[in-house]
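Each residue of the sequence shown is one higher than the one before, counting from 1300 in our numbering. Quick reminder that beta carbons are idealized off the backbone N, C-alpha and C, glycines included.
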Amino acid sequence: MISLDRLKRKSCDIAVIGAGPAGISAALNGTLRKKNVVLIDKAGAMDRLKKACCISNYPGFPGISGLELERAFLDHLKEFDIKVVVKDVYKILKVKNRFVIYTKGAVKDVFEAKSVILCTGVVDEKKIEGEEELVGRGVSYCVTCDGLVYQGKDVVVISDFKGGEEEAKVLAEDYHCTVTYVPGYDVGTIPGVNILNETPVEVKADADNKDKVVVRFKRSSIAADGIFIIRKNISPKSMLPGIETEKGYIAVGAGMETSIKGAFAAGDCTGPPFQIARAVGQGQVAALSAVEYLKEVSN
Ligand SMILES: Cc1cc2nc3c(=O)[nH]c(=O)nc-3n(C[C@H](O)[C@H](O)[C@H](O)COP(=O)(O)OP(=O)(O)OC[C@H]3O[C@@H](n4cnc5c(N)ncnc54)[C@H](O)[C@@H]3O)c2cc1C
């Protein structure tokens, strides 16, 4: 099992999650207002924008490519000595008036922040029928958070990428679970893990046993004590439990504040139109609102 001394904890005023145009703008503005900012991105930076071959509507840079704009944005970060921490954030929990930010990886860094700004872009996530109703009642998105709950029990792990294999192994080896892995891609064998090549169509409570949940496939179904759904991209609700969304996007007010005090959001994760200029503007508003919030809580 993961020991706590393998977790490195770092504190800051504002943690910005996602270093696309929104996150970079938020980090710059927070830093300019003399706040200690940590900028975290799982892919380095600008994962989406670097795919654009020619951008015609970003003022001052007609016809610039995504890669060129990325370079300009990163150079701007360098001017203010802001480094991007390359980490995949999978969970943020509000504990009293602090946010605890958990990341994946060999060293599972944990960050502590007085406020957070979510700038994670759009999530292309197709849910399994019934999944949302069972979150916390048999469905989990996180082995680190919930592995202990299912120690020694029967679990199903559903994943559309290789990261799911690691989680299946952790459940089998560290938590002594009986694991059935349902991959959405080709996989060989995984020691100690049963592989089931089926497409899940529904997850539901077991009508015959209130402690069990069922995964239904096209032609069969299996009952288990828990179901872990491990996706590459996680939805805002899975990342920051309790946050309100509208049509899958984070619901925000005019100051980019979310339903959770101290948590702000900016850019594509708040909904369309998906545009660089809008993301940059919202990132700035979110940072300035976070600065105001920090003043309030320090008084
Ligand atoms: C091919 C293409 C062409 C485009 N052309 C234009 C154009 O011409 N003009 C225009 O205005 N817009 C264009 N866009 C849209 C534009 O790229 C987006 O609107 C803009 O990038 C949104 O910025 P953002 O910061 O909100 O999100 P993103 O740019 O999507 O950045 C989100 C960042 O968050 C990171 N992240 C996500 N989840 C996590 C996590 N769990 N932990 C850590 N990091 C995480 C990602 O790695 C990513 O770097 C184009 C998009 C594409 C794909």
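Each of G1435, R1530, Y1474 and D1445 was checked against the Cα of V1481, and the nearest Cα belongs to R1530. Looking at G1561, F1372, D1485 and I1494, the one whose alpha-carbon comes closest to that of I1313 is G1561.
Inclusion of Y1389 in the 8 Å shell around ligand 1 follows from its C-beta lying nearer than that to a non-hydrogen atom of the ligand. From the listed residues Q1450, F1573 and N1532, the smallest Cα separation to K1390 is found for N1532. In the DSSP assignment, S1537 forms no beta bridge with any residue. Of the heavy atoms belonging to ligand 1, at least one sits nearer than 8 Å to the Cβ of N1532. Between A1586 and N1328, the C-beta spacing is below 9 Å.
The shortest CA-to-CA distance from I1354 to any of D1346, E1367 and G1343 is the one to E1367. Of all alpha-carbon atoms in P1320, G1552 and L1539, the one lying nearest the alpha-carbon of C1418 is that of P1320. Contact between A1564 and V1551 holds, with the beta-carbon distance rounding to 5 Å and staying under 8 Å. Within the model, the alpha-carbon separation for S1414 versus D1507 is close to 45 Å. Per DSSP, reduced to three states, the secondary structure at T1477 is strand.
With a contact defined as Cβ atoms closer than 8 Å, G1362 and K1350 miss out at about 16 Å. For L1587, the enclosing alpha helix (DSSP H) stretches over residues I1575 to S1597. In the DSSP annotation of this structure, the continuous segment of the beta strand (DSSP E) that includes V1455 starts and ends at D1453 to S1458. Shown here, K1413 sits in a strand according to DSSP, grouped into three states. Under DSSP, the beta-bridge partners assigned to T1544 are I1549. Under the three-state reduction of DSSP, T1569 is assigned to helix.
In the DSSP assignment, N1328 falls within the unbroken alpha helix (DSSP H) covering P1320 to L1331. In the DSSP assignment, S1364 forms no beta bridge with any residue. Counted as a single uninterrupted DSSP element, the stretch harbouring K1468 is not any beta strand (DSSP E) but the alpha helix (DSSP H) occupying residues G1462 to E1472.
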